[in-house]
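Take any residue in the sequence shown, note its place counting from 1, add 4, and you have its number in this note's numbering.
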Amino acid sequence: MTQSTPADGPPPPLPPVDHASPQRAPGPEGPGIVAEHVSRAFGSVQAVADLSFTAPRGAVTALVGPNGCGKSTLMLMLASLLAPDSGRVFVGGVDPAEDSAAVRAQVGWMPDQFGAWDSLRVAEVLEVMGRAYFLPTAPLRGRVDELLELLDLVPLAQQPAHVLSRGQKQRLGLARALVHDPQVLVLDEPASGLDPASRRRLLQVVRSRAADGATVLVSSHILGELEEMADHVVFMDGGRAVDASSLRDLAARPRPWRISSLHHQALVEALDQLQVRHGGVVAGDRTTSGHAEAVVELPDDATAARLLADLTAAGARIIGFGPTTGRLEAAYLASDAAQREGAL
């Protein structure tokens with residue numbers, strides 16, 4: 005197995021190679037990404053260890069974990085820029101070890117740093133990448149214009165890439181990953197450095213690609229926005245996939261909920277009447293909302309809905325009722341990795 009050297013940007017596809025029997029995952033309707041017992045070490049450091057997961061087509065899968073847990077190493081292997089020491093990966097049904105050209109032709113890779121090509125102008129970066137993927141000249145020009153418009157880069161088209169801000173380079177990096185209309189997107193921290201409007205644009209682009217049938221794998225430390233974007237999540241720790249779930253199923257996991265009331269004593273009495281365990285009701289003059297508040301741990305969203313109805317019936321004068329964190333953040337904060345990193 006030939007090991008590729010990691011690079012800041014996506015490499016051009018290799019010339020087609022005729023393989024007698026390339027290894028492939030089950031047919032075109034199977035998962036877009038499959039990792040089977042993948043391991044990769046750098047000297048004595050085990051970056052990825054016996055990791056297995058799948059990312060379905062037509063959906064966004066979030067990759068979540070602490071710094072140093074192996075997310076970027078895994079993504080480099082999926083982009084065919086790094087070979088696993090053991091195990092296999094399939095991207096669009098193809099093993100990069102058997103046909104790296106086919107994998108690179110269908111993967112849009114966005115690293116967490118823009119990297120090279122600072123001497124080129126913004127439009128030229130996209131043109132060069134398109135030629136690297138052998139896109140015909142006329143369609144390429146239209147594609148470049150389309151991506152400049154999509155990611156709000158038209159005013160920057162003739163600017164050298166090296167003068168761009170961090171957020172502008174991130175937008176260009178996403179455009180570069182999309183230039184050949186890939187069926188698999190691998191995005192490492194794409195929201196880093198983006199302003200709120202650009203983050204909203206990123207969300208729209210990613211969701212649109214998934215709706216069109218693409219497989220999207222994205223890592224981010226901005227868990228609230230990642231929750232809006234993702235359909236599924238894989239939690240990593242110590243180089244392993246330690247948990248996987250759909251975002252919908254996370255609603256059945258415990259998380260804290262904040263209850264706000266117009267009347268301190270009414271909330272106290274209602275919680276006591278319903279025998280709800282809580283850490284105390286804080287008076288309105290001690291909260292930022294100006295209302296009496298209590299935080300309770302609830303096992304799932306269905307229990308929360310019943311409690312809200314019961315509190316209202318008990319005359320608690322509820323003015324606010326909602327989770328203190330998103331589902332994704334709550335699941336991560338409950339993990340061993342977060343406990344170890346001191347997140348709680």
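Note that CB positions come from ideal geometry on N, CA and C, so glycine has one too. It should be emphasised that the depicted structure is a prediction, and the values quoted were computed from it without experimental measurement.
Where residue i falls: helix, strand or coil (DSSP)
i	result
R262	strand
L302	strand
Q269	helix
V107	helix
P70	coil
D99	coil
A338	coil
S76	helix
A218	coil
V183	coil
Q27	Reliability fails at Q27, whose pLDDT of 42 lies under 50, so the model's placement of it is uncertain and no value is given.
V285	coil
R244	strand
P279	Per the sequence shown, residue 279 should be read as Gln rather than Pro. In the structure shown, Q279 sits in coil (DSSP, three-state: anything other than H, G, I, E or B).
Q50	strand
Q208	helix
G171	helix
G119	coil
G228	helix
L332	helix
R257	coil
S84	coil
L141	The residue you asked about is not Leu; residue 141 is Thr in the sequence shown. It is helical.
L156	Checking the sequence shown, residue 156 turns out to be Asp, not Leu. Residue state, collapsed to three classes: coil.
L198	coil
G177	helix
G134	helix
Cβ-Cβ distance between residue i and residue j below 8 Å
i	j	result
A214	W113	no
L254	L332	yes
M240	G74	yes
G69	E231	no
R262	E301	no
L67	V238	yes
H295	L275	no
M353	D192	Here the chain has residues from 5 to 348 only, and residue 353 is not among them.
V64	R211	yes
A83	F57	no
T219	A59	yes
L157	A179	yes
L168	L160	yes
A248	G319	no
V132	L139	no
L206	L198	yes
Bridge partner(s) assigned by DSSP for residue i
i	result
H236	T65 and S250
F325	I263
D192	S223
T58	V38
A112	Strictly speaking, residue 112 in this sequence is Gly, with Ala absent from that position. DSSP, once it has assigned bridges, lists L189 as partnering G112.
P164	R125
R92	E40
L297	A small fix is needed here, since residue 297 is Glu in this sequence, not Leu. Bridge partners of E297: S264 and V286.
A45	Q50
Buried versus exposed, by CB contacts within 10 Å (16 or more), residue i
i	result
P30	Any answer about P30 is weak, because its pLDDT of 43 lies below 50 and its placement is not dependable; what the coordinates show is given next. Result: exposed.
R1	This structure cannot settle anything about residue 1, because the visible part of the chain is limited to 5 through 348.
R118	At residue 118 the sequence reads Phe, which differs from the Arg that was named. Buried: at least 16 other Cβ atoms inside 10 Å.
A341	buried
V98	buried
M5	Confidence in M5 is poor, its pLDDT being 42 and thus under 50, which makes the residue's placement unreliable; the coordinate value appears in the next sentence. Per the 10 Å Cβ criterion, exposed.
S1	Absent from the structure is residue 1, since the part of the chain shown begins at 5 and ends at 348.
E153	exposed
S414	Look at the range of the chain in this structure, 5 to 348, and you will see that residue 414 is not part of it.
Q172	buried
D116	buried
Neighbour flag for residue i against chain C, beta carbons, 8 Å
i	result
M81	Absent from the structure is chain C; it holds one protein chain and no more.
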